[in-house]
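A short write-up of the structure that comes next.
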Amino acid sequence: MFDRVKLGLNHVLPKKWLTELAGWGASRRGGWLTKLVIDIFVWFYKVDMSEARKSDTASYRTFNDFFVRPLKDDARPVDPDANLIVLPADGAISQLGRIEGDQIFQAKGHHYTLDALLAGQEEMAAQFRDGHFVTTYLAPRDYHRVHMPCNGILREMIYVPGDLYSVNPLTARNIPNLFARNERVICYFDTDIGPMVQILVGATIVGSIETSWAGTVTPPREGVIKRWHYPAAESEGAIVLLKGQEMGRFKLGSTVINLFAPGRVKLAESLEAESKTRLGQPLAMALPQTDPVDVIAD
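Residue numbers for the sequence shown, in this note's numbering: 9 to 306.
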């Protein structure tokens, strides 16, 4: 019954208005009130503040400052093995596996297409047919900065407007095409293992999606698709990000989706739906290639 109520609220509540309001409130400096809200949040969600660079909740001027808090430098070691692709975020695996043609598994009884997820970018979608995907859900208690799973050269970023449904196991099981319907920021990279996409998916109460190179991408929410193109590695102004380097953040949590081209990676056997994830731990191994792939130097 409670699940039905929550799903019903997802459909009827003014999600955009609530999200804008939450984003406004989370950016306010409220002094003792801000500290009280943070303390309640830490208590309710059992946030481990011992990992944070600043463990004292009084040191955060706004709730957003707390929510995107950086961790201590040694909190998430990243395996330096060049053949290892690492998890991009703390959270839990929602789903992962092979992309069957252009069909991505969302939950039992639900699939969505590459073309829908990538907002009709057919040429981009074609590169990932029969490849692999990983969907990582970030719960409210998790660290909300997103990092690179491997070395990458940013070539394109696409902002796609959409719905703002909550993204969690319940909605994934019950709302068709959830990740292809919600607002999202698609980041396309050239990497040592071929093309790779990392998608930051918005949700109810996610006040902002940011990237390390562009700053705040949303809001504003203007209802139109926006595209940015970036130069190749050898060009001036190229944006090169190394494995483990921060690439984006959510101001209030959501989901990260990774897409890998066919024949490029073998997903870690230890991972399955609902597996807990920690930034920097193994996600996949690069598969040997018969054709040369451009290498990004460390």
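Just so you know, even glycine gets a beta-carbon here, dropped at the ideal spot from N, CA and C.
- Short of 8 Å from the beta carbon of A100, and not among the five residues preceding or following it, lie these beta carbons of its own chain, in chain order: T144, Y145, A147, E282, S283, K284, T285.
- Contact between Q253 and M156 is confirmed by a C-beta separation of about 5 Å, below the 8 Å threshold.
- Of the candidates V86, D56, V193, the residue whose Cα lies closest to the Cα of C158 is V86.
- Rounded to the nearest angstrom, the gap between the Cα atoms of P290 and S278 is 9 Å.
- Here the segment 130 to 144 makes contact with the segment 200 to 209; the two share three or more CB pairs at distances below 8 Å.
- Contact annotation: V193 and V168 have beta-carbon atoms nearer than 9 Å.
- P228 is classed as exposed because its beta carbon has fewer than 16 other beta carbons within 10 Å across all chains shown.
- DSSP places P203 in the strand class (E or B) of the three-state scheme.
- Here the alpha carbons of A188 and L126 stand approximately 8 Å from one another.
- Taking a contact to require three or more Cβ pairs closer than 8 Å, the segment 106 to 118 and the segment 241 to 251 do not qualify as touching.
- Rounded to the nearest whole angstrom, the C-alpha separation of G160 and W51 is 37 Å.
- The beta carbon of W236 lies closer than 6 Å to those of M165 in the same chain, with the five residues before and after it left out.
- Contact between the segment 216 to 230 and the segment 45 to 61 is absent: fewer than 3 CB-CB pairs across the two stretches fall below 8 Å.
- Counting only runs of 4 or more residues that sit fully inside the segment 136 to 218, the alpha helix (DSSP H) segments are 177 to 182, 186 to 189, in chain order.
- Between T42 and F74, the alpha-carbon positions lie close to 10 Å from each other.
- When C-alpha distances from R77 are compared across L267, R257, S262, the shortest belongs to R257.
- Considering only L287, G105, K234, the residue with the shortest C-alpha distance to D81 is L287.
- Using a Cβ distance threshold of 9 Å, R149 and V45 do not count as a contacting pair.
- T42: member of the alpha helix (DSSP H) spanning 40 to 53, first to last residue.
- The continuous alpha helix (DSSP H) containing N72 extends over residues 71 to 75.
- Collapsing the DSSP output to three states places S283 in coil.
- The beta-carbon distance between D138 and P239, rounded to whole angstroms, is 29 Å. This is too long to meet the 8 Å contact definition.
- DSSP places M255 inside the beta strand (DSSP E), whose first and last residues are 254 to 259.
- Just measuring C-alpha positions, the residue of I217, G38, S35, E242 sitting nearest L162 is E242.
- Per DSSP, A134 is not a residue of any beta strand (DSSP E); the alpha helix (DSSP H) it occupies stretches across 130 to 134.
- Just measuring C-alpha positions, the residue of F136, V154, V264 sitting nearest W221 is V154.
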